[in-house]
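Participant: Could you have a look at this structure, given as structure tokens, before my questions?
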Amino acid sequence: MSLLKKILTILMVSCLFIITACNPPIEIEEEPVKKLYDVKHFITAGNKSKLLNEELETSTEFDLNVSGLKVTINPEKTFQVMDGFGAAMTESSAIVIANLEPSKRTEVMNQLFGPDGIGISFIRIAMGASDFSLNDFTYNDTLGNVTDLDLVNFTIERDETYLIPILKEALALNPDLLIMASPWSAPAWMKDNKNLNGGRLLSQYHEVYANYFVKFIDAYKAHGIDIYAVTPQNEPLHETNGYPSMYMPASQQIEFVYKLGQAFERESIDTLIFAYDHNWDRMDYPISVLNSKAAKYTAGAALHGYGGNVSETSRLERLFPDKGIWFTEISGGLWATSFPDNITWNMENIFMGMINRSAKGVLMWNIALDQDNGPKNGGCQNCRGVLTSNTETNTVTMNEEYYIIGHFSKFVERDALRIESISNNGNIIVSSFKNPDGSIAVIVHNKNTFNASIFLNIHESSQQYNIPAKGIASFILTEK
């Protein structure tokens with residue numbers, strides 16, 4: 003080959019390389035994958051005509067572009083990992099259930115915790131007395147409020163009568179049940195007023211009180227009961243002389259949680275610590291704790307719903323994306339007796355309101371109370387339990403809170419991921435989850451006072467369903 007031909011060949015190859023390099027490969031747009039699902043759905047109607055009833059109607063496949071009310075699910079966009087849903091097993095609740103006739107007790111426990119019931123997956127207990135116990139007590143009371151720095155008088159014997167047996171029954175029905183605990187007061191001898199009602203924890207007892215928590219967790223562990231999480235104090239900004247309570251400002255909680263975290267670290271305890279445990283209206287409190295030296299020992303914040311607005315939760319969500327949020331108390335009561343209105347308020351503010359703002363779990367107040375809204379130990383005189391046991395008629399009534407909890411706890415598994423769900427109408431609200439087994443749980447509430455027909459859209463599939471006025475629908479989607 004002549005020198006001229008070699009030069010021409012090199013130039014042609016070089017030009018071809020340059021042209022190829024300057025033009026990116028043509029991307030072939032993939033068609034969206036259409037997935038088909040088997041769908042089960044369960045309905046509670048605002049008029050009580052259906053109470054967590056499974057619907058057997060089948061749905062027709064529709065075009066995604068059809069007009070109407072739409073709920074669109076995107077399983078690929080995920081948010082927080084879920085812990086569970088439930089209520090508080092106060093001493094009063096444990097007594098109410100324990101005093102049922104044996105066969106009725108078994109039935110009720112199955113309705114609450116069993117797979118054929120609502121499968122409650124998360125509960126809260128009091129560390130000692132609350133306003134729903136038979137009387138005042140802690141685990142380390144001393145005669146004359148004598149100081150007991152070594153906690154030699156520590157005992158959970160009181161809990162062994164009612165509470166612990168009920169907790170063991172619940173765990174037998176649902177081994178994945180998570181249990182958190184909150185004290186209403188430190189022992190009186192640790193407080194400035196030497197009384198369980200009101201007052202403050204003296205700072206010289208921070209370390210001793212931290213050891214009190216360690217002993218509590220160890221004592222429950224000896225019964226085969228793991229304590230998943232604790233809060234330092236129930237409603238720390240509230241004190242009253244009417245029932246056990248203790249004021250604990252944020253500055254003190256920071257110091258105490260730091261000691262508590264060190265104690266857990268020293269004893270190799272993996273129980274989580276949730277800060278605050280009070281209302282939406284004082285977000286400055288958990289923000290202070292989560293911005294302090296105590297943050298390293300704090301999993302996040304626990305919230306109640308008796309003051310402020312659920313929208314305040316977004317501040318925590320925005321400021322502390324790496325910390326968890328839990329909703330740990332709200333009660334139904336005789337001040338609100340409309341079944342449909344209670345469904346909407348709880349869905350909008352407590353369940354979907356908190357879950358869609360990153361809450362990992364939702365807890366209501368007493369699981370069970372009697373016909374007199376007790377037993378009571380001061381405090382709320384007209385609170386409603388998730389269920390009411392009438393000892394005069396020997397009947398048990400499941401209240402609206404039971405069905406509200408059940409629409410989540412029965413279908414959303416522990417460690418489920420919240421996934422993106424979008425409604426095109428403000429009166430249709432939704433939360434969605436991907437369970438560890440791959441199934442998808444979609445909970446929809448129709449706030450309207452009339453029935454609504456919605457299109458449930460997921461992975462290029464669209465199906466139509468009816469939701470009653472003020473009703474809840476839980477859908478379980480399993481890929482075919």
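Yeah, the sequence shown ends on 482 if you go by the working numbering, and it's all consecutive.
Built from N, CA and C at the ideal position, the CB exists for glycine as well.
Just so we're clear, the structure is a prediction, and the values are computed from it rather than from any experiment.
#1: On the DSSP bridge assignment, give the partners of residue 371 in chain order.
#2: Return the residue from the list 458, 138, 119, 121 that minimises the CA-CA distance to residue 128.
#3: Nearest-angstrom Cα distance between residue 259 and residue 47?
#4: With a threshold of 16 other CB atoms inside 10 Å of the CB of residue 251, please say whether the residue is buried or exposed.
#5: For residue 245, does the three-state DSSP call read helix, strand or coil?
#6: Look at the alpha carbon of residue 85 and the alpha carbon of residue 417, and state the distance between them as a whole number of angstroms.
#7: Would the C-beta of residue 333 count as close to the ligand NAP, meaning under 6 Å from any of its heavy atoms?
#8: Using three-state DSSP, classify residue 315 as helix, strand or coil.
#9: Got a sec, what are the start and stop residues for the beta strand (DSSP E) residue 41 sits in?
#10: Relative to the C-alpha of residue 447, which residue among 430, 253, 459, 40 is closest?
#11: Looking at the strands, I want to know which residues DSSP matches up with residue 180.
#12: For residue 361, which residues does DSSP report across the bridge?
#13: Between residue 375 and residue 389, how many whole angstroms is the CB-CB distance? I'm expecting something under 8 Å.
#14: Going by DSSP, what residue range makes up the alpha helix (DSSP H) through residue 224?
#15: Starting from residue 446, follow the beta strand (DSSP E) in both directions and report where the run begins and ends.
#16: How is the alpha helix (DSSP H) around residue 274 delimited, first residue to last?
#17: Identify the residues that DSSP records as bridge partners of residue 385: which are they?
#18: Going by DSSP, which residues form a beta bridge with residue 171?
#19: Is the CB-CB distance between residue 232 and residue 183 below 7 Å?
#20: Can you list, in chain order, the residues of its chain with a C-beta nearer than 6 Å to that of residue 277? Leave out the 5 residues immediately preceding and following it.
#21: To the nearest whole angstrom, what separates the beta carbons of residue 199 and residue 244, a pair I think is in contact under 8 Å?
#22: Along the chain, where does the alpha helix (DSSP H) containing residue 400 start, and where does it finish?
#23: Is it buried or exposed, residue 103, if we count other Cβ atoms within 10 angstroms and call 16 or more buried?
#24: Around the C-beta of residue 452, are 16 or more other C-beta atoms found within 10 angstroms, so that it is buried, or is it exposed?
#25: By how many angstroms is the C-alpha of residue 124 removed from the C-alpha of residue 385?
#26: Give the DSSP-derived three-state secondary structure of residue 439 in the structure shown.
#27: The beta strand (DSSP E) with residue 74 in it runs from where to where?
#28: What is the residue span of the beta strand (DSSP E) that residue 56 lies within?
#29: Considering just the uninterrupted stretch of the alpha helix (DSSP H) at residue 97, what are its terminal residues?
#30: Looking only at its chain, what residues have a beta carbon closer than 6 Å to the beta carbon of residue 144, apart from the 5 residues adjacent to it on each side?
#31: If I'm right that residue 457 touches residue 72 with Cβ under 8 Å, what's the distance once you round it to whole angstroms?
#32: For residue 420, does the count of other Cβ atoms within 10 angstroms reach 16, so buried, or fall short, so exposed?
#33: With residue 45 and residue 37 assumed to form a contact (beta carbons below 8 Å), what rounded beta-carbon distance in angstroms separates them?
#34: Which of the three DSSP states, helix, strand or coil, is assigned to residue 203?
Facilitator: In short, the structure shows the following:
#1: As a working mapping, residue 371 is identified with position 369 in the sequence shown. Per DSSP, 390.
#2: Position 126 of the sequence shown, counted from the first residue, corresponds to residue 128. Checking every option, the nearest Cα to that of residue 128 belongs to 138.
#3: Here residue 259 refers to the residue found at position 257 when the sequence shown is read from its first residue. Here residue 47 refers to the residue found at position 45 when the sequence shown is read from its first residue. Taking the straight line joining both Cα atoms gives about 44 Å.
#4: On the sequence shown, position 249 is the one that residue 251 refers to. Residue 251 is exposed by the Cβ-count criterion.
#5: Taking the first residue of the sequence shown as position 1, residue 245 is located at position 243. Three-state DSSP puts residue 245 in coil, outside helix and strand.
#6: Counted from its first residue, the sequence shown places residue 85 at position 83. Counted from its first residue, the sequence shown places residue 417 at position 415. C-alpha separation (whole angstroms): 6 Å.
#7: Of ligands this structure carries none, so the ligand NAP is not represented either.
#8: As a first step, residue 315 must be located in the sequence shown, where it is residue number 313. In the structure shown, residue 315 sits in a helix (DSSP, three-state: H, G or I).
#9: Locating residue 41 in the sequence shown gives position 39, where the first residue counts as 1. From DSSP, the beta strand (DSSP E) with residue 41 extends over 39-46.
#10: Your numbering for residue 447 matches position 445 in the sequence shown. Nearest C-alpha to residue 447: 430.
#11: Here residue 180 refers to the residue found at position 178 when the sequence shown is read from its first residue. Partner(s): 124.
#12: The residue given as residue 361 occupies position 359 in the sequence shown. 327.
#13: Residue numbering aside, residue 375 sits at position 373 when the sequence shown is read from its first letter. Residue numbering aside, residue 389 sits at position 387 when the sequence shown is read from its first letter. With 8 Å as the limit, residue 375 and residue 389 do not qualify as a contact, their Cβ atoms being about 12 Å apart.
#14: As a first step, residue 224 is located in the sequence shown; it is residue number 222 there, counting from the start. Looking at the DSSP string, the run of the alpha helix (DSSP H) that includes residue 224 is 208-224.
#15: Position 444 of the sequence shown, counted from the first residue, corresponds to residue 446. Unbroken beta strand (DSSP E) run through residue 446: 442-448.
#16: By 1-based counting over the sequence shown, the position of residue 274 is 272. Unbroken run through residue 274 is the beta strand (DSSP E), 274-281; no alpha helix (DSSP H).
#17: Taking the sequence shown and counting its residues from 1, the one referred to as residue 385 is at position 383. Paired residues: 335.
#18: Your numbering for residue 171 matches position 169 in the sequence shown. For residue 171, which the question treats as bridged, DSSP gives no partner whatsoever.
#19: Position 230 of the sequence shown holds residue 232. Position 181 of the sequence shown holds residue 183. In contact: residue 232 and residue 183 (Cβ atoms closer than 7 Å).
#20: Your numbering for residue 277 matches position 275 in the sequence shown. Closer than 6 Å at the Cβ level, and outside the excluded window around residue 277, lie 288, 291, 300, 303.
#21: Looking up residue 199 in the sequence shown gives position 197. Looking up residue 244 in the sequence shown gives position 242. The Cβ separation is near 7 Å, so the contact holds.
#22: Counting from one through the sequence shown, the residue named residue 400 turns up at place 398. Per DSSP, residue 400 belongs to no alpha helix (DSSP H); it is in the beta strand (DSSP E), 397-400.
#23: Here residue 103 refers to the residue found at position 101 when the sequence shown is read from its first residue. That one is exposed.
#24: By 1-based counting over the sequence shown, the position of residue 452 is 450. Exposed, by the Cβ-count rule.
#25: In the sequence shown, residue 385 corresponds to position 383, counting from 1. In the sequence shown, residue 124 corresponds to position 122, counting from 1. Going by the C-alpha atoms only, they are around 20 Å apart.
#26: Within the sequence shown, numbered from 1, the residue matching residue 439 stands at position 437. Residue 439: coil per DSSP, three-state reduction.
#27: For this step, residue 74 is matched to residue 72 along the sequence shown. Looking at the DSSP string, the run of the beta strand (DSSP E) that includes residue 74 is 71-83.
#28: Translated into the one-based positions of the sequence shown, residue 56 becomes position 54. 55-57 is the span of the beta strand (DSSP E), which, as asked, contains residue 56.
#29: What you label residue 97 is simply residue 95 of the sequence shown in a count that begins at 1. 93-100 is the span of the alpha helix (DSSP H), which, as asked, contains residue 97.
#30: Translated into positions along the sequence shown, residue 144 becomes position 142. Excluding residues within five positions, the ones whose Cβ falls inside 6 Å are 150, 155, 191.
#31: Taking the first residue of the sequence shown as 1, we reach residue 457 at position 455. Taking the first residue of the sequence shown as 1, we reach residue 72 at position 70. Correct: roughly 5 Å between the Cβ atoms.
#32: Here residue 420 refers to the residue found at position 418 of the sequence shown. Answer is buried; the Cβ neighbour count reaches 16.
#33: Position 43 of the sequence shown, counted from the start, is the residue given in the question as residue 45. Position 35 of the sequence shown, counted from the start, is the residue given in the question as residue 37. Not a contact, Cβ separation roughly 24 Å.
#34: Start at 1 with the first residue of the sequence shown, and residue 203 comes out as number 201. The answer is strand: DSSP assigns residue 203 an E or B state.
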